[in-house]
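Right, one structure below, let's go through it.
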Amino acid sequence: MLTRREILSTLEMLQSEHLDVRAVTMGINLMDCVSSDAAALRRNIETKIKTLSAGLVDACERVGDKYGIPVVNKRISVSPIAVVAAPLAPAQMVDVAQSLNDTAAAVNVDFIGGYSALVEKGFARGDRTLMESIPAALAQTDRVCASVNVASTRAGINMDAVLMMGSVIKEAARRTADRDGIAAAKLCVFANIPQDIPFMAGAYLGIGEPDAVINVGVSGPGVVKKAIDRALGANPGQDLGQISELIKQTAYKVTRIGELIGREVAMNLGIEFGAVDLSLAPTPNVGDSVGEIFQSLGLLNIGVPGSTAALAMLNDAVKKGGAFASSHVGGLSGAFIPVSEDLNIAAAARRGHLTLEKLEAMTSVCSVGLDMVAIPGSTSDETVAALIADEMAIGVINHKTTATRLIPVPGKSAGEHAYFGGLLGESVIMPVNNAEGRNRFILHGGRIPAPIHSMKN
Amino acid sequence: MQKVIISVLGQDRPGIIAAIANILFENDGNIENVSQTSLQSEFAGIFIVAIPDILAQDDLAQRMAVALDGMDLQVHIKPVEARHVADTPSAVESFIITTRGPDQKGLVARMTTIIARHNVNVTNCQAVFKGGDDPNSNIMIYEVDIPADTDQQMLFSELRQKGADLNLQVSIQHRDIFEALNRI
Numbered sequence: 028m029l030t031r032r033e034i035l036s037t038l039e040m041l042q043s044e045h046l047d048v049r050a051v052t053m054g055i056n057l058m059d060c061v062s063s064d065a066a067a068l069r070r071n072i073e074t075k076i077k078t079l080s081a082g083l084v085d086a087c088e089r090v091g092d093k094y095g096i097p098v099v100n101k102r103i104s105v106s107p108i109a110v111v112a113a114p115l116a117p118a119q120m121v122d123v124a125q126s127l128n129d130t131a132a133a134v135n136v137d138f139i140g141g142y143s144a145l146v147e148k149g150f151a152r153g154d155r156t157l158m159e160s161i162p163a164a165l166a167q168t169d170r171v172c173a174s175v176n177v178a179s180t181r182a183g184i185n186m187d188a189v190l191m192m193g194s195v196i197k198e199a200a201r202r203t204a205d206r207d208g209i210a211a212a213k214l215c216v217f218a219n220i221p222q223d224i225p226f227m228a229g230a231y232l233g234i235g236e237p238d239a240v241i242n243v244g245v246s247g248p249g250v251v252k253k254a255i256d257r258a259l260g261a262n263p264g265q266d267l268g269q270i271s272e273l274i275k276q277t278a279y280k281v282t283r284i285g286e287l288i289g290r291e292v293a294m295n296l297g298i299e300f301g302a303v304d305l306s307l308a309p310t311p312n313v314g315d316s317v318g319e320i321f322q323s324l325g326l327l328n329i330g331v332p333g334s335t336a337a338l339a340m341l342n343d344a345v346k347k348g349g350a351f352a353s354s355h356v357g358g359l360s361g362a363f364i365p366v367s368e369d370l371n372i373a374a375a376a377r378r379g380h381l382t383l384e385k386l387e388a389m390t391s392v393c394s395v396g397l398d399m400v401a402i403p404g405s406t407s408d409e410t411v412a413a414l415i416a417d418e419m420a421i422g423v424i425n426h427k428t429t430a431t432r433l434i435p436v437p438g439k440s441a442g443e444h445a446y447f448g449g450l451l452g453e454s455v456i457m458p459v460n461n462a463e464g465r466n467r468f469i470l471h472g473g474r475i476p477a478p479i480h481s482m483k484n
Numbered sequence: 160m161q162k163v164i165i166s167v168l169g170q171d172r173p174g175i176i177a178a179i180a181n182i183l184f185e186n187d188g189n190i191e192n193v194s195q196t197s198l199q200s201e202f203a204g205i206f207i208v209a210i211p212d213i214l215a216q217d218d219l220a221q222r223m224a225v226a227l228d229g230m231d232l233q234v235h236i237k238p239v240e241a242r243h244v245a246d247t248p249s250a251v252e253s254f255i256i257t258t259r260g261p262d263q264k265g266l267v268a269r270m271t272t273i274i275a276r277h278n279v280n281v282t283n284c285q286a287v288f289k290g291g292d293d294p295n296s297n298i299m300i301y302e303v304d305i306p307a308d309t310d311q312q313m314l315f316s317e318l319r320q321k322g323a324d325l326n327l328q329v330s331i332q333h334r335d336i337f338e339a340l341n342r343i
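Just so you know, the sequences run in chain order A and B. Counting in the working numbering, the first sequence tops out at residue 484, every number present. Counting in the working numbering, the second sequence tops out at residue 343, every number present.
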């Protein structure tokens, strides 16, 4: 028999604290669709995705109804298209993106990830083609997400790829200048990209993954914030060890829900369950913010002195609670701090409490990186590349995933407002300081070698 | 041995269970299951007990009445009947239904009427009625076992409709979610 407290506390989390399952993402391996005939390849891809994912949205809604937990986003990730479509020309690669987009629309998912290349050690033919095609592909589709892994702890940083991505991002933004460069908001540059991320825009299905798999992204920043508020309301004298324990317990509960829902959706669809990504992922809604947690912890705003320590504690506690709750943890698993996707973080940037430099420092202790950061459209390709390189270095040296999702907003300067809409949100454009002149460091190119501690064998 | 079920009602105080258990022990009875609860100041307990075949239920009732004299308890004894196999649904799914909303007469009656019409068994039922209009002060929790052949969508939609008529927030969730969240 359940106790009244168990029932009521659960309802409270669901009804007033935005507890939900943020994303159920079906990973689909496309390697058996390969053909040098572009039309056949597209047909194979469309057929395979539709066959496997036709029931995805229904299954998520049925299971969500059963438990009273909404599954907010249903998505698909596929094998890296740079490999699947390696023989194709850039224009044909864009056609593949269009096929992915149309198929996603047909099965009613809002984003499909995997327009991706893995180039941390060098380019294969398909990689270069895909990277060149990214601006056109993202400008003409609205559901396709792209990612490029340019660095890893094992391989170092492919600085030629970093420089190229500086130009790709600028061009993607330029092609969608009428929508504040939204194409760049669907493009992540990674170091140490995981193979099983359920969250967009970085989701793709790794080569070592099964033919089809369900990965789940849980969220719950609102639940964590309310738990902290309740505890400090009852006893303001709690120390950080006690608060950390509380966050851990809350993360445990959130993750348990993700695992339960993910396993049942997978069972319903007759495919494997992969992993739970236990990230605190905000949305641009009041009460669903990672930034607000910083205020509950006693900081004026995210970005002020103390923020990195607070984030380190938060991120670690989330991991510890989540790891105990799920037998298979994967993806990014940490706290996200995407500027435009979180009302509170966007406000901190607008007030000047959060700067690009502080944001970068904070990414050394959490997942992701410079995420959904709007920068002036006049930022040079080299400077965009240099920002990417810095972020990649943090990931490579610290054995962790880092990424950038920078949006150089065409025709707009620092302090102006960029609007992306929906889950992508809106934000002030943050200044990129001290970026005058040519950046000869970035132009050297080549590969920054793997760090000494990568040699673990 | 024969099985009887004994219900005991009365004002709560120390020693009720001890008194009953001692009488049963003295009469060679074996307690198989006990459930007791206290609502406000009242005690309610039910005992399933195996007693010797030679002990008539009326005699046991008489002996209990004598032993419990002065404790102001109401005791009722009846035989436990074997359940007909046909009455037991082979497969059920457990859901938790909660309603929150302003206190008014007939809330429980109206919701449970729908639950009963669908042949769904309430396995546990808790209520917190403090009166007034604060939804959080007026909560009803029903744990129910829904047979596999019940039309869940029809049941849930009728409950939600009735809830809306009564100005209640109705939540219906599979029991597993509460287990997953609260228990290791």
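Ideal Cβ placement from N, Cα and C applies to all residues, glycine included.
Would a C-beta distance cut-off of 8 Å place residue i and residue j closer than the cut-off?
| i | j | result |
| --- | --- | --- |
| Leu127 (chain A) | Val175 (chain A) | no |
| Ile179 (chain B) | Lys237 (chain B) | no |
| Val366 (chain A) | Pro403 (chain A) | no |
| His277 (chain B) | Leu327 (chain B) | no |
| Glu368 (chain A) | Thr310 (chain A) | yes |
| Val243 (chain A) | Gly208 (chain A) | no |
| Ile76 (chain A) | Ile103 (chain A) | yes |
| Pro237 (chain A) | Leu307 (chain A) | no |
| Leu57 (chain A) | Val105 (chain A) | yes |
| Phe206 (chain B) | Ile34 (chain A) | no |
| Leu287 (chain A) | Lys346 (chain A) | no |
| Ile300 (chain B) | Thr257 (chain B) | yes |
| Met53 (chain A) | Ile241 (chain A) | yes |
Any heavy atom of the ligand SAM closer than 7 Å to the Cβ of residue i?
| i | result |
| --- | --- |
| Pro365 (chain A) | Here there are no bound small molecules, and the ligand SAM is not part of this structure. |
Could you spell out the range, first to last residue, of the alpha helix (DSSP H) harbouring residue i?
| i | result |
| --- | --- |
| Thr410 (chain A) | Asp408 to Ile424 |
| Glu39 (chain A) | Arg31 to Ser43 |
| Tyr94 (chain A) | Leu83 to Tyr94 |
| Ile320 (chain A) | Gly318 to Ser323 |
| Asp129 (chain A) | Pro117 to Ala133 |
| Pro162 (chain A) | Arg152 to Gln167 |
| Glu299 (chain A) | Not the alpha helix (DSSP H): Glu299 (chain A) falls in the beta strand (DSSP E), residues Glu299 to Leu305. |
| Tyr279 (chain A) | Leu267 to Leu296 |
| Glu191 (chain B) | That residue, Glu191 (chain B), is in no alpha helix (DSSP H); its beta strand (DSSP E) goes Asn189 to Leu198. |
What are the start and end residues of the beta strand (DSSP E) that includes residue i?
| i | result |
| --- | --- |
| Phe206 (chain B) | Glu201 to Ile210 |
| Cys215 (chain A) | Leu214 to Ala218 |
| Gln222 (chain A) | Run containing Gln222 (chain A): none; DSSP gives neither H nor E here. |
| Asp304 (chain B) | Asn297 to Pro306 |
| Gln170 (chain B) | Gln161 to Gln170 |
| Leu325 (chain B) | Per DSSP, Leu325 (chain B) belongs to no beta strand (DSSP E) and is neither H nor E. |
| Ala50 (chain A) | Val48 to Ile55 |
Out of the options, state which residue places its alpha-carbon closest to the alpha-carbon of residue i.
| i | options | result |
| --- | --- | --- |
| Asp129 (chain A) | A:Arg70, A:Met158 and A:Thr180 | A:Arg70 |
| Met340 (chain A) | A:Ala182, A:Asp169, A:Thr410 and A:Ser271 | A:Ser271 |
| Thr180 (chain A) | A:Leu35, A:Met419, A:Lys197 and A:Asn461 | A:Met419 |
| Gln322 (chain A) | A:Val251, A:Asp154, A:Ser36 and A:Lys427 | A:Val251 |
| Gln263 (chain B) | B:Phe288, B:Arg172 and B:Phe206 | B:Phe288 |
| Met186 (chain A) | A:Ala254, A:Leu414, A:Val51 and A:Ile364 | A:Leu414 |
| Gly361 (chain A) | A:Ala374, A:Thr390 and A:Ile255 | A:Thr390 |
| Pro263 (chain A) | A:Gly325, A:Glu198 and A:Val98 | A:Gly325 |
| Ala323 (chain B) | B:Met270, B:Ser296, B:Ser249 and B:Ala307 | B:Met270 |
With residue i and residue j assumed to form a contact (beta carbons below 8 Å), what rounded beta-carbon distance in angstroms separates them?
| i | j | result |
| --- | --- | --- |
| Ile284 (chain A) | Gly318 (chain A) | Contact doesn't hold; Cβ gap of about 23 Å is too wide. |
| Gly348 (chain A) | Tyr279 (chain A) | 4 Å |
| Gly204 (chain B) | Ile176 (chain B) | 7 Å |
| Ala173 (chain A) | Tyr142 (chain A) | 4 Å |
| Ser440 (chain A) | Ile456 (chain A) | 7 Å |
| Met120 (chain A) | Ala164 (chain A) | 7 Å |
| Asn186 (chain B) | Leu219 (chain B) | 6 Å |
| Arg202 (chain A) | Ala212 (chain A) | No, Arg202 (chain A) and Ala212 (chain A) are not in contact; Cβ-Cβ is about 13 Å, not under 8 Å. |
| Asp171 (chain B) | Ser194 (chain B) | The pair is not a contact, with the Cβ atoms about 15 Å apart (cut-off 8 Å). |
Around the C-beta of residue i, are 16 or more other C-beta atoms found within 10 angstroms, so that it is buried, or is it exposed?
| i | result |
| --- | --- |
| Ile213 (chain B) | exposed |
| Gly485 (chain A) | Since the displayed chain A opens at 28 and closes at 484, residue 485 (chain A) lies outside it and no answer follows. |
| Arg242 (chain B) | exposed |
| His380 (chain A) | buried |
| His471 (chain A) | exposed |
| Ser43 (chain A) | exposed |
| Ile234 (chain A) | exposed |
| Glu240 (chain B) | exposed |
| Leu397 (chain A) | buried |
| Leu296 (chain A) | buried |
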